[in-house]
Amino acid sequence: MATSAGSAHVSSSAAAALRSGAVASASAPSVVARDLRCFKDGGSLLRHGAPSRSRRFGYYRNDYRPPPPNNYRRAPPALPNMEGERMLWSIMGANAFVFACWHALDPRLMQQNFLVSEESVYAGRVHTIVTSAFSHYNLGHLGANMLALYYFGRDLSRIFGPKYLLNLYLAGGVAASVTHVAWCRWERERRQSRRRGFISQRAGRWMENTAGYLTTPPALGASGAVNAIVLLNALVFPTNTIYLNFFIPMPNWLFAALFLSRDLYGAQLGLGGSSTGHAAHLGGAGVGAAAWAWMRFGRFIRR
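Residue numbers (numbering that gives the first Met the number 0): 0 to 302.
Here you go:
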């Protein structure tokens with residue numbers, strides 16, 4: 000490394016050569032060219048805009064700037080994800096508001112506008128496909144969904160933005176509601192096909208077609224929308240560590256696989272197997288899988 004005195008000496012010699020009009024000959028390079036070669040990796044001449052050679056690209060450029068001091072080399076800390084946090088808290092606030100309405104307003108009003116079922120869709124209350132994704136009656140159901148939403152939604156909002164997170168939530172909720180209604184209809188048709196005999200078959204078909212959808216359970220909750228966020232998070236960050244029940248560590252992909260397996264098994268039991276809408280969960284998870292597939296393979300489709 001050259002000393003400061005040596006740098007000053009070479010700089011003065013280069014300046015003297017320029018003032019005297021020295022020209023480089025074919026046999027001996029000029030003082031200026033020699034000085035530039037000696038100090039192309041750092042020196043007083045480079046600080047005044049002398050061309051330098053890029054180690055990465057291998058060409059000369061004139062935009063060289065010396066490295067910053069040691070106390071500025073480290074990047075400043077990242078700003079908090081304020082917009083993403085605001086979107087997450089807005090979604091959770093909407094769910095909490097509907098939860099409070101369940102316990103403060105007329106139950107019949109809430110059932111007509113915040114429960115999705117075949118009956119509500121056929122009656123023209125199509126808005127329940129969306130409103131049911133913000134509806135919870137049980138505090139434990141609300142707390143579990145909001146905890147999963149906040150934990151898995153933070154990273155997605157930081158990377159893809161708050162609007163993408165909201166659209167993913169809404170798409171997952173709509174897909175869950177539609178899947179639930181379609182699953183209930185398929186279950187009715189499957190029950191009808193099991194009947195034997197002419198009279199029982201005709202009577203069963205009449206009952207199912209006229210009032211059968213009234214017996215199918217309505218659905219509510221953000222589980223389908225949250226499942227879309229959970230599965231997309233697992234596909235984007237498969238190696239992140241998740242603590243099942245807050246103390247069992249496992250990779251993110253295994254956590255998502257366990258929940259999908261539970262819903263697949265529960266869907267095989269039919270409507271009478273449990274009070275959980277496993278088909279709706281799978282419908283919401285399908286939105287997360289579709290979002291990941293579009294990010295991964297969409298460029299081939301757009302070509």
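Just so you know, even glycine gets a beta-carbon here, dropped at the ideal spot from N, CA and C.
Can you list, in chain order, the residues of its chain whose CB lies under 6 Å from that of residue i, leaving out five sequence neighbours each side?
i      : result
VAL180 : GLU117, VAL120
SER176 : VAL115, ILE128, SER131
Does the beta-carbon distance from residue i to residue j come in below 7 Å?
i      : j      : result
LEU169 : SER156 : no
GLY282 : ALA174 : yes
HIS140 : GLY220 : yes
LEU230 : ALA255 : yes
THR178 : ALA279 : yes
To the nearest angstrom, how far is it from the Cα of residue i to the Cα of residue j?
i      : j      : result
LEU87  : TYR150 : 10 Å
THR238 : ASP105 : 46 Å
TRP291 : PHE159 : 12 Å
PRO217 : LEU114 : 6 Å
GLY152 : LEU259 : 18 Å
GLU84  : TRP185 : 40 Å
TYR59  : ASN94  : The pLDDT assigned to TYR59 is 42, lower than 50, so where the model puts this residue is not dependable, and the model offers no usable value.
HIS277 : THR127 : 19 Å
ILE247 : ALA143 : 17 Å
PHE245 : LEU234 : 21 Å
ILE90  : PHE96  : 10 Å
ALA289 : GLY171 : 10 Å
LEU243 : MET145 : 16 Å
ARG295 : TYR264 : 28 Å
LEU108 : PHE98  : 13 Å
LEU257 : CYS100 : 34 Å
LEU138 : ALA122 : 29 Å
THR188 : SER274 : Inspection of the sequence shows that residue 188 is occupied by Glu rather than by Thr. Answer to the nearest angstrom: the Cα atoms are 20 Å apart.
GLY297 : GLY92  : 34 Å
State the DSSP-derived secondary structure class of residue i, mapped to helix, strand or coil.
i      : result
TYR242 : strand
PRO161 : helix
VAL229 : helix
ASP40  : Reliability fails at ASP40, whose pLDDT of 45 lies under 50, so the model's placement of it is uncertain and the value that follows must be treated cautiously. Correct three-state label for ASP40: coil.
VAL115 : strand
ALA218 : strand
PRO237 : coil
On a Cα-Cα basis, can you pick out the residue from the options that is closest to residue i?
i      : options                        : result
ASN226 : THR240, ALA147, LEU141, ARG295 : ALA147
ALA266 : CYS183, CYS100, ASP154         : CYS183
HIS135 : TYR242, TRP293, HIS102         : HIS102
GLU82  : ALA143, ASP154, THR130, ILE128 : ASP154
GLY287 : ASN166, TYR242, LEU263, PRO250 : ASN166
PRO161 : ALA99, TRP293, ILE228          : ILE228
Can you list, in chain order, the residues of its chain with a C-beta nearer than 7 Å to that of residue i? Leave out the 5 residues immediately preceding and following it.
i      : result
GLN111 : ARG124
THR240 : PRO248, PRO250
TRP252 : ALA233, PRO237
GLY285 : ALA174
ASP262 : HIS277, HIS280, LEU281
TRP293 : none
Compute every distance between the C-beta of residue i and the non-hydrogen atoms of the ligand GDP, then say whether any falls below 6 Å.
i      : result
GLY152 : Judged by which ligands are present, the structure shown has none, so any question about the ligand GDP falls away.
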